[in-house]
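Please read the structure below before turning to the comments.
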Amino acid sequence: MQIAVASGKGGTGKTTIATSLALSLASLAKVRYFDCDVEAPNGHLFLKPAFSESTPAVIRIPQIQNEKCTACGRCVDICQFHALAKVGKNILVFPQLCHGCGSCTWNCPENAITEVPNPIGTLERGLALENIEFFRGQLTISEPMPTPVIRQLKKLAHPSSGSIDILDAPPGASCSVVETLRGVDYVLLVTEPTPFGLHDLKQIIGILREMDISAGVIINRDGIGDDAVEMYCIAEKLSILLRIPFNRQIAEGISKGKTLVEIFPEYSVVFQQLLSRIQEDC
Ligand code: SF4
Ligand code: SF4
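Just so we're aligned: 115 in my numbering is position 112 of the sequence shown, and the numbers increase by one with no gaps anywhere.
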């Protein structure tokens, strides 16, 4: 079973939930944790994995073989990311815009395109607290394409029968979030009861409805704002699965690298019960 933990907005406590969920479920089943927030991964600060494998994440960039190219322009027309341009009889490649989708190569009538692997990040694997198998993707600073790193991170693990996979998604509602959520069984949406929390929750709900994935809501820092998030969830028939009150002790513990279940061990049972709710909803 794959459960993604996502939030339309950064800083809502997504990793706080994901790491404590992983620790709580590790006594019930084999748990694998995927840190898909490849531009700023931080799950390792809490689950403290020892990494044993590291491989490069690569994107395959087209290279034009000028001796074969007839400058027909088909590859330029096909590229949806404007990573190719025709200048006179030459085809120029802009690697920073290329998503490595391969469409240009497949569609070249002259077989004039080869693909060159370009490293854009790293994929790491290790063992964390409570024997949690930990996977982390990291995009190299200055590289603009997080999505291929996430795709390769998910492939690295292969489907595993019987395990519970927890995917810590990037914040926001961009392509990298869509890539993380693709194929998961359920999404836990972490939000906070503020106007920003509500705005960004609405955005990610729109994505989930397009992708037809079941979801439930966790309200973190409950008590700091208003009830607009709650009213929205009622109107949209979204289950509020858990409320975590705004609490200074939690904030201080997290700032020291502690998980929620280390600060308040009673949350461990709460997260285990959460799994039952998720299984009922799936
Ligand atoms: S599709 Fe092939 S032959 Fe046509 S311009 Fe592109 S590389 Fe050249
Ligand atoms: S691989 Fe895809 S994104 Fe890159 S240049 Fe070719 S068509 Fe464009």
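Virtual Cβ for every residue (Gly too), placed ideally from N, Cα, C.
CA nearest to the CA of residue i, picked from the options
i    : options                   : result
S23  : V119, G256 and G175       : G256
V152 : G226, S164, L277 and P122 : P122
V34  : D40, A218 and L26         : L26
L100 : S166, Q83 and P112        : Q83
Q276 : T15, L28 and G16          : L28
L132 : G46, V273 and K92         : G46
S177 : L159, Q206 and D171       : Q206
L87  : I116, P112, A60 and P59   : I116
L50  : D215, G91, Q68 and G129   : G129
T150 : V41, L170 and S30         : V41
A32  : G175, N134 and N69        : N134
V220 : D229, E213, I208 and P147 : I208
R154 : R251, S164, F138 and D215 : F138
Where residue i falls, given that 16 or more other Cβ within 10 Å makes a residue buried
i    : result
K71  : exposed
P268 : exposed
S55  : exposed
S10  : buried
S271 : buried
T15  : buried
F12  : According to the sequence displayed, residue 12 carries Lys and not Phe. Answer is buried; the Cβ neighbour count reaches 16.
P44  : buried
G186 : exposed
F37  : buried
E239 : exposed
S30  : exposed
P52  : buried
S179 : buried
Q68  : exposed
P174 : buried
Beta-carbon contacts of residue i that lie in its chain and below 8 Å, excluding the five residues immediately before and after
i    : result
E233 : P196, I222 and I243
Y235 : L201, L204, K205 and L241
F286 : The structure shown does not extend to residue 286, since the chain is modelled only from 4 to 285, so the question has no answer here.
Beta-carbon proximity list for residue i, same chain, < 6 Å, skipping 5 on both sides
i    : result
E136 : R35
D284 : S217
V119 : I64 and Q66
Q5   : D168, V187 and D188
K92  : A74
V8   : K17, I20, A21, D171 and L191
I144 : none
Nearest-angstrom Cβ-Cβ length linking residue i and residue j, presumed shorter than 8 Å
i    : j    : result
T19  : L201 : With 8 Å as the limit, T19 and L201 do not qualify as a contact, their Cβ atoms being about 20 Å apart.
I253 : I237 : That pair is no contact at about 26 Å.
K89  : G103 : Contact flag wrong, Cβ pair sits at about 20 Å.
T183 : C39  : 4 Å
I281 : F249 : At roughly 25 Å, the Cβ-Cβ gap does not stay under 8 Å, so I281 and F249 are not in contact.
L126 : G140 : 6 Å
Contacts around residue i, its chain only, beta-carbon distance under 7 Å, and the 5 residues preceding and following it disregarded
i    : result
L48  : G260
C107 : P65, C78, I81, C82, L87 and I116
Problem set entry | Heavy atoms of ligand 2 versus C-beta positions, residues under 6 Å | Cβ-based neighbours of ligand 2 within the cut-off: P65, I81, C82, F84, A86, L87, C101, H102, G103, C104, G105, S106 and C107.
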